[in-house]
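Report on one structure; see the data block that follows.
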Amino acid sequence: MAVFTFEDETTSPVVPATLYKALVKDADNIVPKAVDSFKSVEIVEGNGGPGTIKKISFLEDGETKFVLHKIEAIDEANLGYSYSIVGGVALPDTAEKITIDTKLSDGSNGGSVVKLSIKYHSKGDTPPNEDELKAGKAKSDALFKIPLLCQIPTNQTSSSPYILISYTFPFSSISVSLSMAVFTFEDETTSPVVPATLYKALVKDADNIVPKAVDSFKSVEIVEGNGGPGTIKKISFLEDGETKFVLHKIEAIDEANLGYSYSIVGGVALPDTAEKITIDTKLSDGSNGGSVVKLSIKYHSKGDTPPNEDELKAGKAKSDALFKVIEAYLLANA
Numbered sequence: 001m002a003v004f005t006f007e008d009e010t011t012s013p014v015v016p017a018t019l020y021k022a023l024v025k026d027a028d029n030i031v032p033k034a035v036d037s038f039k040s041v042e043i044v045e046g047n048g049g050p051g052t053i054k055k056i057s058f059l060e061d062g063e064t065k066f067v068l069h070k071i072e073a074i075d076e077a078n079l080g081y082s083y084s085i086v087g088g089v090a091l092p093d094t095a096e097k098i099t100i101d102t103k104l105s106d107g108s109n110g111g112s113v114v115k116l117s118i119k120y121h122s123k124g125d126t127p128p129n130e131d132e133l134k135a136g137k138a139k140s141d142a143l144f145k146i147p148l149l150c151q152i153p154t155n156q157t158s159s160s161p162y163i164l165i166s167y168t169f170p171f172s173s174i175s176v177s178l179s180m181a182v183f184t185f186e187d188e189t190t191s192p193v194v195p196a197t198l199y200k201a202l203v204k205d206a207d208n209i210v211p212k213a214v215d216s217f218k219s220v221e222i223v224e225g226n227g228g229p230g231t232i233k234k235i236s237f238l239e240d241g242e243t244k245f246v247l248h249k250i251e252a253i254d255e256a257n258l259g260y261s262y263s264i265v266g267g268v269a270l271p272d273t274a275e276k277i278t279i280d281t282k283l284s285d286g287s288n289g290g291s292v293v294k295l296s297i298k299y300h301s302k303g304d305t306p307p308n309e310d311e312l313k314a315g316k317a318k319s320d321a322l323f324k325v326i327e328a329y330l331l332a333n334a
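Taking the UniProt record's numbering, the leading residue of the sequence shown gets 1, the next gets one more, and so forth.
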């Protein structure tokens, strides 16, 4: 299963505590009163806290439809709320669930800043269809950006006690309005090499070991930094008879916990559609005495276009092959 993450941020003239109360604590009462198409909100599992699943029924095109909404977390003290779409018309066939994490904070104008993280948990590692995303956004904007009338006083004097809040219900698909999307892929593999040895080879001694293990590698040079986080390396290699390179930026080194994070920030490994590709790696003990390698690959796109599926598969195949070559070198030289 892959996780594709979209980040977004918006503002509201309503103060955070009041907005949170309306959109989280009192939503089941306010939304059906404000929106004619809503028919009912009922709890089908749970007691209203995390783990609760709600069935939200509404009219669309003359038919009664529904979504299943699962509460993941409620953090009232920090004005945070997390829920998932786990069934109904809002969940595409390609998705296991869609999780929306919301955090409210004070805005500079006395209102609120609303930060959203929308995680699309796909079945398999296929990214969401670009046309489906765009169609979902257009439909959400056109049909479900509902003026929610609430009796909420603002911090400004007004002759009316009502304020208009735009509240988007992502029923037909996820609603995306972004300058950059982050598509996250989770992966895990194993190795017969023990974690400390594998970490040393892949992180601490990689600049020495990789050129020895891989014939196509030509050179590794530091173009910026001192070897720590922020350092950018230029890795040159032969491919199809030509010398090519990638730019590799170290994001974080956590030797105590066998963690390492780096980004591809330039060169042939970075598609034109990506700002950067970040790989977070964590090694731990495997059940067979070797290692478990957990990877989180974040594809930071330009705009909200998901990565090309063929490019992803080709990149994964190259990474897997490189890992096996290094692993074989370590086993042969143990």
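For every residue, glycine included, the Cβ atom is placed at its ideal position computed from N, Cα and C.
| task | Give a yes or no on whether the C-beta atoms belonging to Y81 and I98 are separated by under 8 Å. | result | By one-based count along the sequence shown, residue 81 stands at place 81. By one-based count along the sequence shown, residue 98 stands at place 98. No, the Cβ-Cβ distance between Y81 and I98 is not below 8 Å.
| said: Going by DSSP, what residue range makes up the alpha helix (DSSP H) through T197? | reply: One-based indexing of the sequence shown puts residue 197 at position 197. Run containing T197: P195 to Y199, per the alpha helix (DSSP H) assignment.
| Grouping DSSP H, G and I as helix and E and B as strand, with all else coil, what is S319? | Working through the sequence shown from its first residue, we reach residue 319 at position 319. Looking at S319 - three-state DSSP - the assignment turns out to be helix.
| message | With distance defined between alpha-carbon atoms, name the residue in I277, E42, K324 and E45 nearest to A181. | response | If you number the sequence shown from 1, residue 181 lands on position 181. Considering only alpha carbons, the answer is I277.
| message | So, does the region 101 to 111 touch the region 10 to 24, judging by three or more C-beta pairs under 8 Å? | response | yes
| request: Pick helix, strand or coil for T18, following the three-state DSSP scheme. | output: As a first step, residue 18 is located in the sequence shown; it is residue number 18 there, counting from the start. Three-state result, T18: helix.
| task | Count the other C-beta atoms from every protein chain shown that fall within 10 angstroms of the C-beta of K54, then say buried if there are 16 or more, exposed otherwise. | result | Taking the first residue of the sequence shown as 1, we reach residue 54 at position 54. Buried, by the Cβ-count rule.
| request: Could you please give me the residues that DSSP links to V182 through a beta bridge? | output: Within the sequence shown, numbered from 1, the residue matching residue 182 stands at position 182. T5 and H300.
| message | So G110 and V15 are supposed to be a Cβ contact under 8 Å. How far apart are they, rounded? | response | Locating residue 110 in the sequence shown gives position 110, where the first residue counts as 1. Locating residue 15 in the sequence shown gives position 15, where the first residue counts as 1. That pair is a contact at about 7 Å.
| request: Round the Cβ separation of S112 and T11 to the nearest angstrom and send it over; I've been treating them as touching at under 8 Å. | output: Within the sequence shown, numbered from 1, the residue matching residue 112 stands at position 112. Within the sequence shown, numbered from 1, the residue matching residue 11 stands at position 11. 7 Å between Cβ atoms; contact.
| query | Since residue 360 contacts K39 with CB under 8 Å, what's their CB separation in whole angstroms? | reply | Since the first residue shown for the chain is 1 and the last is 334, residue 360 is missing from the structure and cannot be characterised.
| query | Which of helix, strand or coil does DSSP assign to L68? | reply | Locating residue 68 in the sequence shown gives position 68, where the first residue counts as 1. L68: strand per DSSP, three-state reduction.
| How do the region 187 to 206 and the region 284 to 295 stand: do at least 3 beta-carbon pairs fall below 8 Å, yes or no? | yes
| message | Taking 8 Å as the threshold (C-beta atoms), are I232 and V223 in contact? | response | What you label residue 223 is simply residue 223 of the sequence shown in a count that begins at 1. What you label residue 232 is simply residue 232 of the sequence shown in a count that begins at 1. Contact: yes.
| query | How long is the line joining the alpha carbons of G49 and V41, rounded to whole angstroms? | reply | Taking the first residue of the sequence shown as position 1, residue 49 is located at position 49. Taking the first residue of the sequence shown as position 1, residue 41 is located at position 41. Approximately 15 Å between the Cα atoms of the pair.
| Whole-angstrom distance between V67 and A256, CA atom to CA atom | On the sequence shown, residue 256 is found 256 positions in, with the first residue counted as 1. On the sequence shown, residue 67 is found 67 positions in, with the first residue counted as 1. Distance between the alpha carbons of A256 and V67: 44 Å.
| said: Taking 7 Å as the limit between beta carbons, can you name the residues of its chain near V325, skipping five residues before and five after? | reply: Here residue 325 corresponds to residue number 325 of the sequence shown, with the count starting at 1. Correct list, in chain order: A213 and V214.
| query | Per DSSP, S40 forms a beta bridge with which residues? | reply | As a first step, residue 40 must be located in the sequence shown, where it is residue number 40. Its beta-bridge partners are S57.
| task | Just mark D254 as buried or exposed, buried being the case when its beta carbon has 16 or more other beta carbons within 10 Å. | result | What you label residue 254 is simply residue 254 of the sequence shown in a count that begins at 1. Per the 10 Å Cβ criterion, exposed.
| request: Express the C-alpha separation of G266 and G242 in angstroms, rounding to a whole number. | output: Residue mapping note: residue 242 aligns to position 242 of the sequence shown, counting from 1. Residue mapping note: residue 266 aligns to position 266 of the sequence shown, counting from 1. One point to set straight first is that residue 242 is Glu, not Gly, in the sequence displayed. Going by the C-alpha atoms only, they are around 17 Å apart.
| Just the Cα atoms here: how many angstroms apart are V27 and G259? | As a first step, residue 27 must be located in the sequence shown, where it is residue number 27. As a first step, residue 259 must be located in the sequence shown, where it is residue number 259. First, the residue type needs correcting, since residue 27 is Ala and not Val in the sequence shown. For A27 and G259, the distance between alpha carbons rounds to 41 Å.
| When burial is assigned at 16 or more other CB atoms within 10 Å of the CB, is V44 buried or exposed? | By 1-based counting over the sequence shown, the position of residue 44 is 44. Classification for V44: exposed.
| message | So, at 6 Å on beta carbons, what are the nonlocal neighbours of L91 in its own chain, with the 5 sequence-adjacent residues on each side left out? | response | Numbered from its first residue, the sequence shown carries residue 91 at position 91. Around L91: I85.
| If we ignore side chains and look at the alpha-carbon of each, how far apart do L283 and L198 end up? | Working through the sequence shown from its first residue, we reach residue 283 at position 283. Working through the sequence shown from its first residue, we reach residue 198 at position 198. Those two C-alpha atoms are separated by around 8 Å.
| message | So, for D141: in the same chain, excluding its five sequence neighbours on each side, which residues have a beta-carbon less than 6 Å away from its beta-carbon? | response | One-based indexing of the sequence shown puts residue 141 at position 141. Annotation note: pLDDT 40 at D141 (below 50); position unreliable, no value reported.
| Looking only at its own chain, which residues have a Cβ that is under 8 Å from the Cβ of K218, when we skip the five neighbours before and after it? | Looking up residue 218 in the sequence shown gives position 218. Result list for K218: P211, S236, F237, L238 and T243, in chain order.
| Quick one, are the C-beta atoms of F185 and A2 less than 8 Å apart? | One-based indexing of the sequence shown puts residue 185 at position 185. One-based indexing of the sequence shown puts residue 2 at position 2. Cβ atoms of F185 and A2: closer than 8 Å.
| field | Rounded C-alpha distance that separates E60 from D272 | value | For the purposes of this step, residue 60 is taken as the residue at position 60 of the sequence shown. For the purposes of this step, residue 272 is taken as the residue at position 272 of the sequence shown. Looking at the two C-alpha atoms, the distance is approximately 39 Å.
| Which listed residue (G124, I71, V193 and K123) has its alpha carbon closest to that of D285 | Locating residue 285 in the sequence shown gives position 285, where the first residue counts as 1. The shortest C-alpha separation from D285 is found at V193.
| message | Out of S108, G228, Y299 and I74, which one is the CA nearest neighbour of E7? | response | Along the sequence shown, one-based indexing puts residue 7 at 7. Comparing Cα-Cα distances from E7 to each of S108, G228, Y299 and I74, the minimum goes to Y299.
| task | Label P229 either buried or exposed according to how many other C-beta atoms from any shown protein chain fall within 10 Å of its C-beta, with 16 as the threshold for buried. | result | Residue mapping note: residue 229 aligns to position 229 of the sequence shown, counting from 1. It counts as exposed.
| task | State the Cα-Cα distance for the pair G315 and K302, rounded to the nearest angstrom. | result | Numbered from 1 along the sequence shown, position 315 holds the residue referred to as residue 315. Numbered from 1 along the sequence shown, position 302 holds the residue referred to as residue 302. Between G315 and K302, the C-alpha separation is close to 18 Å.
| query | Going along the chain, which residues of its own chain have a beta-carbon closer than 8 Å to the beta-carbon of S122, five neighbours each way excluded? | reply | As a position in the sequence shown, residue 122 is number 122, starting the count at 1. For S122, where only same-chain residues beyond five positions count, the Cβ hits under 8 Å are M1, A2, V3, F4, T94, A95, E96 and P128.
| Pairwise C-alpha distance: G227 and K249 | Here the question's residue 249 lines up with position 249 in the sequence shown. Here the question's residue 227 lines up with position 227 in the sequence shown. Spanning the two alpha carbons is a distance of roughly 10 Å.
| task | Under the assumption that A201 contacts L79 (Cβ atoms under 8 Å), give the Cβ distance between them as a whole number of angstroms. | result | Position 201 of the sequence shown, counting from 1, holds the residue named residue 201. Position 79 of the sequence shown, counting from 1, holds the residue named residue 79. Not a contact, Cβ separation roughly 45 Å.
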